[in-house]
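Using this note's numbering, you'd call the opening residue of the sequence shown number 2 and step up by one each time. Below: the structure, in structure tokens.
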Amino acid sequence: MSPSAFWLLVFTMIPMGIVVYYSFMTRGPWGTIIFEFSLDSYRQVFDPLFLKIMGRSFKLAALTVVICLAAGYLIAYWIAFYGGRRKNLLLFLVILPFWTSYLVRIYAWMTLLSDHGLINTFLTEWGLIDEPLPLLHNQYSVLVGLVYTYLPFMILPLYASLDRLDRSVLEAAADLGATARERFFKVTVPLTKGGILSGSVLVFAPSIGEFLVPELLGGAKAMMVGKFIALKFIGLRHWPLGSAYSLLLLTMILALIYLYMRAGGGKDAYQEQQ
């Protein structure tokens, strides 16, 4: 057995097998597990509360992808076409936040967005507002945290696609009379489809199951499915139900990856045409 296969078996397949096994068990008193086959956990998948939280998680993850795609494409485009000799420095600045603890960065956003944080303090001192704005513990603060966290995951694959883009194709389009707008939407965007798909998957998949950002920036009013599942395991000690919810979330993510592979498979359009 190769080292990679051993790693995949021990740290992925076996734990997932345990989760699958627990999902078909029965919850006993005081959070114990009765090893009797049951489908009760899967029947509770259609609980209205879970569906509501899943819908909220899907909405926030989709909005995160849209915002990251819009901002990330502009940033990656500028670095690839206008970065010049500073490309490596600019890419270093993109990944620089990863050198700081994820938890510390989220706490920094709590400091910025709190009622007595830097943003509300600045606006109050300049007389722009009379009372602090509710910037924290809502879905908007969660969205800000998600975009901030996963924006580099969108920029890097987009930059890779844009940097490999054959400039002669754009020159040919210009010679044929295409405007700058037409060259962008009819040439550049289709030829970087692989980067768009890759970045969207890399952002959506972890966003929908995010735990720390909604826990610290959102509170109870902006709970996402990651925190909901954690409550089933830790709070209610209902391991079969938590396992069933986890498998449902995993199935959605695997379906997304399957659609991504069918749509592009990580290859740029111009590479597929060659």
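For each residue, glycine too, the CB sits at the ideal point set by N, CA and C. It should be emphasised that the depicted structure is a prediction, and the values quoted were computed from it without experimental measurement.
Rounded to whole angstroms, the gap between the alpha carbons of I254 and R238 is 25 angstroms. If you draw a straight line from the Cα of M14 to the Cα of T252, it is about 15 angstroms long. Here DSSP, grouped into helix, strand and coil, assigns R57 to helix. When secondary structure is reduced to three states using DSSP, T180 falls in the coil class, being assigned neither helix nor strand. Rounded to whole angstroms, E172 and L163 show a C-alpha spacing of 15 angstroms. Contact between I209 and F59 holds, with the beta-carbon distance rounding to 6 angstroms and staying under 8 angstroms. In the structure shown, the three-state DSSP call for R238 is coil. For I130, the three-state secondary structure derived from DSSP is coil. Under the 10 Å beta carbon count, S3 is surrounded by fewer than 16 other beta carbons and is classified as exposed. Taken in chain order, the complete alpha helix (DSSP H) segments of 4 or more residues contained in the stretch 24-78 are 41-44. Per the coordinates, the alpha-carbon of L159 lies some 23 angstroms from the alpha-carbon of Y103. Between the C-alpha atoms of L144 and D176 there is a straight-line separation of about 42 angstroms.
The beta carbon of L147 sits closer than 6 angstroms to those of T65, S208 and V214, all from its chain and outside the five residues before and after it, given in chain order. With a 10 Å radius around the Cβ and a threshold of 16 neighbouring Cβ atoms, Y151 comes out buried.
Its Cα nearest to that of G243, the residue K233 stands out among K233, I19 and L249. Between Y43 and the set W100, K228, I258 and L249, the nearest pair of CA atoms involves L249.
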